[in-house]
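All remarks here apply to the structure that follows.
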Amino acid sequence: MEIVTATIFSVETSEERAEALSAAATAVQGGRVIVVPTDTVYGIAADAFSAGGVRALLAAKGRSRQMPPPVLIYDPSVLPGLADRISSDAQALADAFWPGALTLICHAQPSLTWDLGETKGTVALRVPDDELTIELLRQTGPLAVSSANKTGRTAATTAEEANSQLGENVNLIIDGGMRPRNRAEGTAAQDVAPSTIIDCTGDVPVVVREGAISLAEIRSVAPSVMTRDEWEEQKRQAAQSSLQNAGGSVAASSVEQSQAGETESKDSGSPHDDAVEPIKPARQAAPVSAGSPLNGLVTASGAQTQAIDQLRTEGAHFVDTKRVSDQTKPLSVSDARALVFGED
1 MEIVTATIFS VETSEERAEA LSAAATAVQG GRVIVVPTDT VYGIAADAFS
51 AGGVRALLAA KGRSRQMPPP VLIYDPSVLP GLADRISSDA QALADAFWPG
101 ALTLICHAQP SLTWDLGETK GTVALRVPDD ELTIELLRQT GPLAVSSANK
151 TGRTAATTAE EANSQLGENV NLIIDGGMRP RNRAEGTAAQ DVAPSTIIDC
201 TGDVPVVVRE GAISLAEIRS VAPSVMTRDE WEEQKRQAAQ SSLQNAGGSV
251 AASSVEQSQA GETESKDSGS PHDDAVEPIK PARQAAPVSA GSPLNGLVTA
301 SGAQTQAIDQ LRTEGAHFVD TKRVSDQTKP LSVSDARALV FGED
């Protein structure tokens with residue numbers, strides 16, 4: 001990995017702000033990686049349409065393609081340009097909480113030519129509630145953004161913290177002061193709540209990560225939203241019911257076959273003593289191991305600090321989604337930019 005020394009830009013004056021935004025936009029458009037303040041914590045950012053930029057972002061964090069970064073957009077109107085099959089719940093949540101600390105995992109538009117990692121055909125989107133970040137997004141277009149920290153360490157809430165972890169891996173850092181702006185005095189960085197993440201790719205929305213927006217607030221807009229524990233329990237009960245129904249059918253069929261065989265044996269005078277074996281109970285699902293990425297999801301309490309930006313709810317999204325099989329031509333990067341910027 002190329003070792004660089006990040007330039008830190010202040011934004012205290014209008015002139016400094018303009019200079020910082022111009023330098024950041026130039027760096028992003030050149031495929032470089034930067035650090036920007038958001039409404040929650042500082043984020044490490046790259047052009048979402050630059051495969052090299054995204055690779056550099058993941059490398060800087062020490063993260064694999066199995067943990068693709070979310071994408072920040074400047075306005076909710078961009079959502080249909082990047083997401084496909086947007087559910088009514090997802091739209092309602094976006095309308096209620098964007099801009100804000102809510103990340104929605106949606107089906108990605110299949111025609112977009114980008115590579116964020118192993119996304120399983122999905123994309124995590126958010127509109128940040130921060131004027132500086134929004135202004136940058138208007139200049140650059142969608143940015144792949146992950147928390148500014150090395151994987152496994154606490155997310156940076158100041159430019160100094162970001163520089164200490166990522167200063168040798170990014171081109172520049174915009175110093176927007178302590179984040180979030182409304183952070184209570186004495187609140188430690190590890191206790192700052194990240195964005196709430198909801199997987200909206202299944203039949204019901206599932207909370208992947210609890211964060212700044214509470215479950216009660218989420219359910220006030222979308223009552224059908226489930227926690228991961230609730231979703232796992234529903235899935236377990238459905239599987240158990242399916243096994244019981246299948247077992248009853250098999251058992252009944254076996255009894256009928258046995259009775260028919262006994263009748264044939266009596267008629268032919270030959271012994272037929274085969275017993276019907278009971279259906280073996282289904283094995284209980286193995287508990288999630290301590291090392292599993294599904295274990296210890298980050299909560300707003302900060303008690304567990306596993307880095308999870310875009311962990312998909314395995315099985316919640318449509319795993320059988322087919323790739324585009326018609327003659328639709330994938331959009332070029334320039335066409336994709338025009339789509340999300342609303343240009344002709």
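UniProt numbering applies: residue 1 is where the sequence shown begins, and numbers increase by one. C-beta atoms are modelled at their ideal positions from N, C-alpha and C, and glycine is treated no differently. In this text the structure is predicted, and so the values were computed from the model without any measurement.
SER22 carries a helical assignment under DSSP once its states are collapsed to helix, strand and coil.
SER224 and GLN237 have their C-alpha atoms spaced approximately 18 Å apart. In this model, ASN169 and SER147 are separated by some 14 Å (Cα to Cα).
Leaving aside the five residues that flank LEU132 on each side, the residues in its chain whose CB is nearer than 8 Å to its CB run, in chain order, VAL11, ARG17, LEU21, VAL36, PRO37, ILE174, GLY176.
Here the region 188-196 lies against the region 29-49, with 3 or more beta-carbon pairs under 8 Å apart.
Distances from the CA of THR158 to each of ALA25, ARG179, LEU172, GLN240 were compared; the closest alpha carbon is that of ARG179. Per DSSP, the beta-bridge partners of VAL71 are LEU125, ALA144. In this structure ILE8 is not in contact with TYR74, their Cβ atoms being roughly 24 Å apart against a cut-off of 8 Å. Judged by DSSP in its simplified three-state form, LEU116 adopts coil rather than helix or strand. With fewer than 16 other beta carbons inside 10 angstroms of its own, ASN245 counts as exposed. Under the three-state reduction of DSSP output, THR158 falls in the coil class, being neither helix nor strand.
Classified as buried, SER87 has 16 or more neighbouring CB atoms from the shown chains inside 10 Å of its CB. A straight-line Cα-Cα distance of about 15 Å links LEU125 and ALA96.
In the displayed model, ASP95 falls within a helix according to three-state DSSP.
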